[in-house]
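Q:
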Amino acid sequence: MRETNRFRHKRASRPTGRLSDPEGIVRVRSTGMLVDWGCYGAVLFDLDGVITPTATVHEQAWAVLFADFDFTMADYLAYVDGRPRYDGVRSFLTSRHVELPDGEPSDLPGDSTICAMGNRKNVLFNEIIERDGIEPYQGSILVLDLLDQLGTPQAIVSSSKNARTVLAAAGLGDRFDHIVDGVRVVDEGLAGKPAPDMFLRGAELVGVDPDRCIVVEDAVSGVEAGAAGNFGFVLGIDRGDHADSLRQAGADLVVRDLSETVRTT
Ligand SMILES: [Mg+2]
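Below you can see the structure in the form of structure tokens.
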């Protein structure tokens, strides 16, 4: 299995779900300069690459899956990032002029169908996260703490069927009341990103109109979903080098990390 230091994550050795204690020793405030968090009714967060650095774990799993195709970071961003898993397999293989039958979601992990390959990718992902663990971005935890202090509802809106596993591995298993994940997408027949349906469902769950919600996304497909849903503010997180793509997709603002939007006292 290909592995580089870039992909390694230390297993969290302490609870990482909250930086500030109930006494408010660490106070987090909105800078009000970039994003005025207090002006919106709810915040809908993508998970991978926004709350946790799972994007690198996903990229590693995709790279192992597509080892025979010289899979690159550019391929990851263009064809699979933020998309439902089977759509990602199909999208990438199409780029290499490879056709496979769709198969069925119940297909065993393998390489004979789109679904079999997607299922194998999921096995690889879970192997990596169980081996290495995951630590959330501390800048994102600061914003979650601020939103808690403001009493602002939050939801996770992730295409991943592993969202709950990832949140638990990051010490955030009890942090979110509402999760729209890949499992709910299937159960409720929701369209995946870049369609706005998943974020609209998140807004519905937190009980806030979309135009009063902030969408936080690191993927082009997710920013497109936020823009298509006419949400109040779409905040792009550029973890790589694709800020321009995020802006073109409809991001109102692009930052490199959520810590840029708050200050601590
Ligand atoms: Mg993401």
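Numbering of the sequence shown is given in the working numbering, commencing with residue 1 and proceeding in unit increments.
For every residue, glycine included, the Cβ atom is placed at its ideal position computed from N, Cα and C.
Can you check DSSP and say which residues form a bridge with Ala-42?
A: DSSP, once it has assigned bridges, lists Cys-213 as partnering Ala-42.
Q: Since Ser-91 and Val-80 are thought to touch, with beta carbons under 8 Å apart, how far apart are those beta carbons, to the nearest angstrom?
A: Between Val-80 and Ser-91 the Cβ distance is about 7 Å, and since that is below 8 Å, they are a contact.
Q: Any contact of the stretch 202-212 with the stretch 148-163, i.e. 3+ C-beta pairs under 8 Å?
A: Verdict: yes, contact present.
Q: With a CB to CB cut of under 7 Å and the five nearest residues on each side skipped, what residues in its chain are close to Ala-249?
A: Closer than 7 Å at Cβ, skipping near neighbours: Val-220, Val-223, Glu-224, Ala-227.
Q: Could you give the distance in angstroms between the alpha-carbon of Ala-251 and the alpha-carbon of Gly-236?
A: Each residue's alpha carbon lies about 6 Å from the other.
Q: Are the stretch 102-109 and the stretch 44-59 touching, with three or more C-beta to C-beta distances below 8 Å?
A: Taking 8 Å as the limit for Cβ pairs, the verdict is that the stretch 44-59 does not touch the stretch 102-109.
Q: Please state the DSSP three-state secondary structure of Val-266.
A: One cannot answer for residue 266 here, as it falls past the ends of the chain, which runs 1 to 265.
Q: For Val-268 versus Val-215, is the C-beta distance shorter than 9 Å?
A: The structure shown does not extend to residue 268, since the chain is modelled only from 1 through 265, so no value can be given for it.
Q: Looking at Ser-158 and ligand 1, is the gap between the Cβ and the nearest heavy atom below 8 Å?
A: Yes, ligand 1 has a heavy atom inside 8 Å of this Cβ.
Q: Count the other C-beta atoms from every protein chain shown that fall within 10 angstroms of the C-beta of Val-186, then say buried if there are 16 or more, exposed otherwise.
A: Classification for Val-186: exposed.
Q: For a quick check, are the C-beta atoms of Ala-163 and Asn-122 less than 9 Å apart?
A: Cβ atoms of Ala-163 and Asn-122: not closer than 9 Å.
Q: What I want to know is whether the C-beta of Ala-219 ends up closer than 8 Å to one or more non-hydrogen atoms of ligand 1.
A: At least one heavy atom of ligand 1 is nearer than 8 Å to the Cβ of Ala-219, so yes.
Q: Would a C-beta distance cut-off of 9 Å place Gly-192 and Arg-83 closer than the cut-off?
A: Yes, the pair counts as a contact, with Cβ atoms nearer than the cut-off.
Q: Within 8 Å: the Cβ of Leu-258 and any heavy atom of ligand 2?
A: Among the ligands in the structure shown, ligand 2 does not appear; only ligand 1 can be found there.
Q: Tell me which residues share the same chain as Val-254 and place their Cβ nearer than 7 Å to its Cβ, disregarding the 5 neighbours each side in the sequence.
A: Closer than 7 Å at Cβ, skipping near neighbours: Gly-236, Asp-238, Ala-243, Leu-246, Arg-247.
Q: Could you work out which residue in Leu-65, Phe-199, Val-35 is closest to Glu-127 when comparing CA atoms only?
A: Closest by alpha carbon: Leu-65.
Q: Is any heavy atom of ligand 1 found at a distance shorter than 8 Å from the C-beta of Asp-48?
A: Checking every heavy atom of ligand 1 against the Cβ of Asp-48, one is found closer than 8 Å.
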